[in-house]
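The opening position of the sequence shown corresponds to residue 27 in this note's numbering, with each subsequent residue numbered one higher.
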Amino acid sequence: MLKLSDSLKARYLCLQILFGVFKKRQTISQILENQFLGQISYQEGDLARAERVSNFIFGHLTGIDECINLYLKKNIKLEVRNIFRLVVAEAFIDESPDYAIVNSAVQLSKLNPVTNYVSGLVNAVSRKIVQNVRNGNHPLKPALNGTLRTYLVQIYPDSVIGRMEEIMSIREPIDITVKYKDDTNFWKEELNAFELPTGSLRLGRNKKLSTLNGFNEGKWWVQGISSSIPVKLLGNIAGLEVLDLFSAPGGKAMQLISAGAKVTCLDDSLKRLKVLKQNLDRMNMKANVICSDIHEFKTNRKYNIILIDAPCSSSGTLRKNMDMPHLFPVKRMADLLKIQSEALKLAKSWVQKDGIILYCTCSLFPAEGEEQISQFLKMNPDWIQKVICAKSLNLEAKWVDKKGGLRLRPDYLFEFGGMDGFYAAILVKKTNKH
């Protein structure tokens, strides 16, 4: 069993995150799940700090590596480079004295046989790095890396990508949805929150949710503004039956229930459905929860609304999931596009003749949004896309594209801290009175 001092735990966990992402191609959540199954006793503060530092590294990787390369050859082993990445990040974040940053780097190098032989080098170079950061010799700015940026530059102008990168340097805010709309003003005052144009409330990032009034009592839940808008596009849905595909962890399901809909939640992950049920219990909400793959789901029921919150690249969540740009495999896109297309096809057989399909993804790629809808309409000429009215929903006009779909970007609401990238479209049959 590895014994670590309290001062090393968060730093050690940060190194595990870096190695897991860059070497094993695992997500942060996968890495943390494995770590907490181990024998090291991490505290909540260790987890928060490890994620904070590793996210800084993911968001500023190019500049951090350029800083390191001034003192070392580029082909140093990953384990060694990660220690220096940690040193640079800690020097910029400035949460520890300089001597503590250097000493901890040396101690960490001695814990791993791969890096133990360079502990002297770690000591000498870490001192130089910290000193030069303090002298302002290594300015950093956030930057997208890897295949994600390659994809984005084909879609968005440099000015937009620059603003996306800039928003990455701002800690992601916490948005909440209030259970009862009439209580919004109360919770705005109670939680000292800021009300966003669409009715979501934005909290300060340093809030510990479980200690806030109303959380355990089920008065509100955490939901980013971008994720909350699609359901609001549906208008009055009281009494309507909704099939929520890929439903877990349940943010949109809770919106639907709060609006008076009768909801069936479908997801194929028992683990994610467990979280969904916990969320529903806390909110004192009821839904029909089914664990099934969409291809195996059988029903004779026809629903008023089919909500497809489709699996996607999650490219719109680049600030929430700072590791994602470094993990985005091009080959994964083909499978995701197939799932999205099949979900749209299946939804046709489950929706009533006068029903609605609401399709959405947290993606910045037209291939997972606009192009999926265009392809669906081409293959199904008896369906049309309903144009979203921005003004009636208090949305900015630029949030709605030329075909009437919702297209959100991380740099929107920039002055308030931004939002996730998102796409949503409403589909109805031509015979519908919409």
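Note that CB positions come from ideal geometry on N, CA and C, so glycine has one too.
Checklist entry - Since GLY89 contacts LYS167 with CB under 8 Å, what's their CB separation in whole angstroms? => result With 8 Å as the limit, GLY89 and LYS167 qualify as a contact, their Cβ atoms being about 7 Å apart.
Checklist entry - Roughly how far, in whole angstroms, is the beta-carbon of VAL257 from the beta-carbon of TYR329, given that I think they are within contact range, below 8 Å? => result Contact between VAL257 and TYR329 fails: their C-beta atoms lie close to 15 Å from each other, not under 8 Å.
Next on the checklist: Suppose the cutoff is 8 Å on Cβ atoms and the five residues either side in sequence are ignored; what does the same chain contact list for GLN401 look like?
Outcome noted: The answer, listed in chain order, is SER367.
Checklist entry - Does the distance from the C-beta atom of GLU396 to that of ASP437 stay below 8 Å? => result Taking 8 Å as the cut-off, the Cβ atoms of GLU396 and ASP437 do not count as close.
Checklist entry - By DSSP, does ASN6 sit in helix, in strand, or in coil? => result Absent from the structure is residue 6, since the part of the chain shown begins at 27 and ends at 460.
Item to check | 8 Å Cβ cutoff met for SER273 and SER339 | outcome: Their beta carbons are not under 8 Å apart, which means SER273 does not touch SER339 by this criterion.
Next on the checklist: At 3 residues or longer, what runs of the beta strand (DSSP E) sit wholly inside the region 243–298?
Outcome noted: With a minimum length of 3 residues, the continuous beta strand (DSSP E) runs that stay inside the region 243–298 are 246–248, 267–271 and 288–293.
Item to check | Helix, strand or coil at LEU333 according to DSSP, with G and I counted as helix | outcome: LEU333 sits in a strand when the DSSP states are folded into three classes.
Next on the checklist: Distance check for ALA393 and PHE433, CA to CA, integer angstroms please.
Outcome noted: Looking at the sequence shown, residue 433 is not Phe but Arg. It is roughly 13 Å from the alpha-carbon of ARG433 to the alpha-carbon of ALA393.
Next on the checklist: Whole angstroms are fine: how far does the CA of LEU453 sit from the CA of ILE414?
Outcome noted: Rounded to the nearest angstrom, the two C-alpha atoms are 11 Å apart.
Item to check | Run of the beta strand (DSSP E) containing THR387, from where it starts to where it stops | outcome: Element bounds for THR387: 377–387.
Checklist entry - What separation, rounded to the nearest whole angstrom, lies between the Cα atoms of LEU421 and THR224? => result Just so you know, the alpha carbons of LEU421 and THR224 end up roughly 7 Å apart.
Next on the checklist: Starting from LYS412, trace the beta strand (DSSP E) in both directions and tell me its first and last residue.
Outcome noted: Where LYS412 is concerned, the enclosing beta strand (DSSP E) stretches over 409–412.
Checklist entry - Where does GLU221 fall in DSSP's three states? => result Here GLU221 sits in strand by DSSP.
Next on the checklist: Between the alpha carbons of ILE200 and TRP247, how many angstroms are there, rounded?
Outcome noted: A straight-line Cα-Cα distance of about 10 Å links ILE200 and TRP247.
Item to check | Straight-line Cα distance separating LEU299 from ASN242 | outcome: Cα to Cα, ASN242 sits roughly 19 Å from LEU299.
Checklist entry - With 8 Å set as the bound, which would you pick, yes or no: does the beta-carbon of MET194 sit closer than that to a beta-carbon of chain D? => result Of the chains in the structure shown, none is chain D; there is only one protein chain.
Item to check | Collapsed DSSP secondary structure at LEU30 in the structure displayed | outcome: DSSP places LEU30 in coil when its eight states are reduced to three.
Checklist entry - Do VAL156 and ALA117 have their CB atoms nearer than 8 Å? => result Going by C-beta atoms, VAL156 is nearer than 8 Å to ALA117.
Item to check | Bounding residues of the beta strand (DSSP E) (the contiguous stretch that carries ASP201) | outcome: Run containing ASP201: 200–204, per the beta strand (DSSP E) assignment.
Checklist entry - From which residue to which residue does the alpha helix (DSSP H) around CYS93 run? => result Here the alpha helix (DSSP H) through CYS93 covers 87–95.
Checklist entry - Can you list, in chain order, the stretches of the alpha helix (DSSP H) that have 4 or more residues and sit fully within the region 94–123? => result Listed in chain order, the complete alpha helix (DSSP H) runs (minimum 4 residues) inside the region 94–123 are 104–119.
Next on the checklist: Going by C-alpha to C-alpha distance, which of VAL106, LYS371, SER33 and ASP209 sits closest to TYR125?
Outcome noted: Nearest C-alpha to TYR125: SER33.
Checklist entry - Which stretch, first to last residue, makes up the beta strand (DSSP E) that contains PHE448? => result Unbroken beta strand (DSSP E) run through PHE448: 448–455.
Checklist entry - Where does ARG197 sit, in a helix, a strand or coil, going by DSSP? => result In the structure shown, ARG197 adopts coil according to DSSP, grouped into three states.
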